[in-house]
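Enquirer: Using numbering that gives the first Met the number 0, the first residue of the sequence shown is number 0, and each one after it goes up by one.
Note that the Cβ used here is the ideal one computed from N, Cα and C, for glycine as well.
Handing you this structure, nothing more for now.
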Amino acid sequence: MSVGAKLITAEDLSRLPDEGNRYELVEGELRTMSPSSGRHGMLAGRIAAHLGSYVRAAGLGEVVVAEAGFLLRKDPDTVRCPDVGFVAKGRAIEDAFITGAPDLAIEVISPSDAYSDVITKVRDYLGAGCRMVILIDPRRQSATVHTSDTTVHLSAADAIDGDAVIPGWKLPLRELFV
């Protein structure tokens, strides 16, 4: 952040005019999100459809997509928007930003994403109480699953497992990368 830059709050972010831009707020600093590529959107859509179908049928909670913001921290505020998020049953989905971290955050890595930025997102989610963060790497056709105490790397031959966060949910990566 540049010296003297004015920090904004989550409330300020929610009042920005809708000019077609997507934003995240990182420690009070507004970050413009570039539009996603077609492949990025397709992969996020496949994940959301697969996960959403399972979650609704099992009555486990709600699945949200990139436009949903999660207020992870206050003073200075951090609002993150995962490509796909899961919120367990019993948690409130407000008209404003969702308070706290998603129970599961899934990010599809774009070619323009800096590795350090992606890892910062993982730390932000986990630090705010997210139980699992999944990074999807389209170029390598792989995934990395992060929890507070483990990191597991998966190849296209493996399957993502919802483990204790979404019991019984599995997504074979070969189905995702067809």
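Check each candidate in Asp-102, Asp-157, Ala-95 and name the one with the smallest Cα separation from Gly-89.
Expert: Asp-102
Enquirer: Compare the Cα-Cα distances from Glu-93 to each of Gly-167, Pro-110, Phe-69 and report the closest residue.
Expert: Minimum Cα distance to Glu-93 is reached at Phe-69.
Enquirer: When DSSP labels each residue in this structure, what does Arg-14 get in the three-state scheme?
Expert: coil
Enquirer: Keeping to the same chain, check which residues put their C-beta closer than 8 Å to that of Leu-170; ignore five residues upstream and five downstream.
Expert: Ile-46, His-49, Leu-50, Ala-158, Ile-159
Enquirer: Candidates Leu-175, Val-25, Gly-58: which alpha carbon is nearest Lys-73's?
Expert: Proximity to Lys-73 across Leu-175, Val-25, Gly-58 peaks at Val-25, based on C-alpha coordinates.
Enquirer: Label Met-32 either buried or exposed according to how many other C-beta atoms from any shown protein chain fall within 10 Å of its C-beta, with 16 as the threshold for buried.
Expert: exposed
Enquirer: Output the residue ranges of the alpha helix (DSSP H) runs that lie fully inside the region 111–135 and measure 4 residues or longer, sorted by chain position.
Expert: 114–126
Enquirer: Starting from Ile-105, follow the beta strand (DSSP E) in both directions and report where the run begins and ends.
Expert: 103–107
Enquirer: Buried or exposed: which applies to Pro-16, given that a residue is buried once 16 or more other Cβ atoms fall within 10 Å of its Cβ?
Expert: Burial state of Pro-16 is exposed, judged by a 10 Å Cβ sphere holding fewer than 16 other Cβ atoms.
Enquirer: Three-state secondary structure (DSSP) at Arg-72?
Expert: strand
Enquirer: Below 8 Å between beta carbons: does that hold for Val-107 and Val-121?
Expert: With respect to the 8 Å criterion, Val-107 and Val-121 are not classified as neighbours on the basis of their beta carbons.
Enquirer: Considering Gly-238, what are the terminal residues of the alpha helix (DSSP H) in which it resides?
Expert: With the chain covering 0 to 177 only, the question about residue 238 has no answer from this structure.
Enquirer: Pull up the distance between the alpha-carbon of Thr-146 and that of Tyr-22, whole angstroms please.
Expert: 25 Å
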